[in-house]
Every structure is written in structure tokens, then in C-alpha cells.
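Encoded as C-alpha cells, the structure appears first; notes follow it.
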Amino acid sequence: KLKKNEELRTRYPLFQSSSNITVIHLHYKSTVNIIDELIVKAKQTTRYVLDTESKNGKRKSQRALIQIQFVHSISQLTIILIETDYLPDPQSILFTRIEELCSSKNIHDKNLRSEFNYWKNNSKMHPEIERHDEIAGHISLDTLDASGDNDDMNDEEPNYNS
Numbered sequence: 001k002l003k004k005n006e007e008l009r010t011r012y013p014l015f016q017s018s019s020n021i022t023v024i025h026l027h028y029k030s031t032v033n034i035i036d037e038l039i040v041k042a043k044q045t046t047r048y049v050l051d052t053e054s055k056n057g058k059r060k061s062q063r064a065l066i067q068i069q070f071v072h073s074i075s076q077l078t079i080i081l082i083e084t085d086y087l088p089d090p091q092s093i094l095f096t097r098i099e100e101l102c103s104s105k106n107i108h109d110k111n112l113r114s115e116f117n118y119w120k121n122n123s124k125m126h127p128e129i130e131r132h133d134e135i136a137g138h139i140s141l142d143t144l145d146a147s148g149d150n151d152d153m154n155d156e157e158p159n160y161n162s
């Protein structure tokens, strides 16, 4: 798998984001000024993406990283990575400011999973695909690999998990 990844990496150009992305790591060495600036941005932001990453260890689901993405516009993003293993002392002003940044008065959450599932289950096909089906008849959406097509799929067997 690593060999395949390296091959693909040399074959294709690096991803270039169309957005201006600012990434900020929060930990015990962060400054209160940075947190204060982020609190101001949080109050001005209405769209967020939240994610957590767990660390495998003795304790089940021990959090290691909290990711908060402020979506300011389609071209402007701020990503905050809170390294929970390296937070400041809970009695410090810095810790209190990080708590304030993450509080619900600054970040209003709305879980979109149920809405996405509804959309996914009830979405209509793109009009061009519908038109193509009317002309050519229904074509299966299962992906079959064509021999010698120079893609990254196995030319020997159908690949239904693409």
C-alpha cells in the first residue's frame, strides 16, 4: 500500500487548496492574545466543522485532538487544533480562555448528520445523468475496471468499492 501511495504521489501534482487556510495549534505554549483573537473570530463565524481524534491506548476513547474549523467564506478558513494532551494548567488564565473559546456561547452546534442522511436517501440524480439514462437506457453505477486504462484500479478484477 505504501508503494502504491508513493507511485500515485509521483504521478499526480500536489493538492492546491482553493481556500486561504489558517491553521492554529492550541496548547500550553499558546498565548492569551491568540485565544482572544480566536474568540472574536468565533463570534463572527456562523459555520463550523467539529471533529475529534482519539488516541489508541489503555483507556478507551482517550481524546488526543479536537479540531474546530471556522468557515468564514468559501475561500477563507481557520482551523484550530486543540492538543488535549498538552493543555495548560486548568487553573491558568490560558486554560480559562480556551474553555471560553469552546463554550456554546461562541460556538453554536448543530449536528447535520441526520440532515445529510435525509438528503442522501432522498436526493435526485443530476439532470444530465437522468437525460443520459433516457437516451441510452439505465447503466449500472457499479464501477468496472477496463483493462489497460492506466488508472489505479486492479485491471484483473471488478472494483465495487471505489
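Per full-length UniProt numbering, the very first residue in the sequence shown carries number 1; after that it's consecutive.
A virtual CB, placed ideally from N, CA and C, is assigned to each residue, including glycine.
Each of 36, 25 and 73 was checked against the Cα of residue 86, and the nearest Cα belongs to 25. For the stretch 18-101, the continuous beta strand (DSSP E) assignments of 3+ residues that do not extend past its boundaries occur at 20-26, 48-55, 62-73 and 76-83, in sequence order.
Judged by DSSP secondary structure, residue 3 falls within the alpha helix (DSSP H) whose first and last residues are 2-11.
Residues of the same chain with their beta carbon placed closer than 8 Å to that of residue 14 are lacking, with the five preceding and five following residues left out of the count. The beta-carbon separation of residue 68 and residue 84, rounded to 12 Å, does not stay under the 8 Å limit for a contact. One Cα belongs to residue 29, the other to residue 5, and the distance between them is close to 35 Å. Residue burial annotation: residue 9 is exposed, with fewer than 16 other C-beta atoms found within 10 angstroms of its C-beta. With a cutoff of 8 Å on beta-carbon distance, residue 94 and residue 23 are scored as not near each other. Exclusion of the five residues before and after residue 49 leaves 69 and 71 as the residues of its chain whose Cβ lies within less than 7 Å of its Cβ.
The beta-carbon separation of residue 18 and residue 77, rounded to 11 Å, does not stay under the 8 Å limit for a contact. If you ignore the 5 residues before and after residue 36, its C-beta comes within less than 8 Å of the C-beta of 97, all in its own chain and listed in chain order. Nearest to residue 82 by alpha-carbon distance, out of 7, 42 and 27, is 27. Taking C-alpha positions only, residue 42 is separated from residue 7 by approximately 41 Å. In this structure, the straight-line span from the alpha carbon of residue 99 to that of residue 75 is close to 28 Å.
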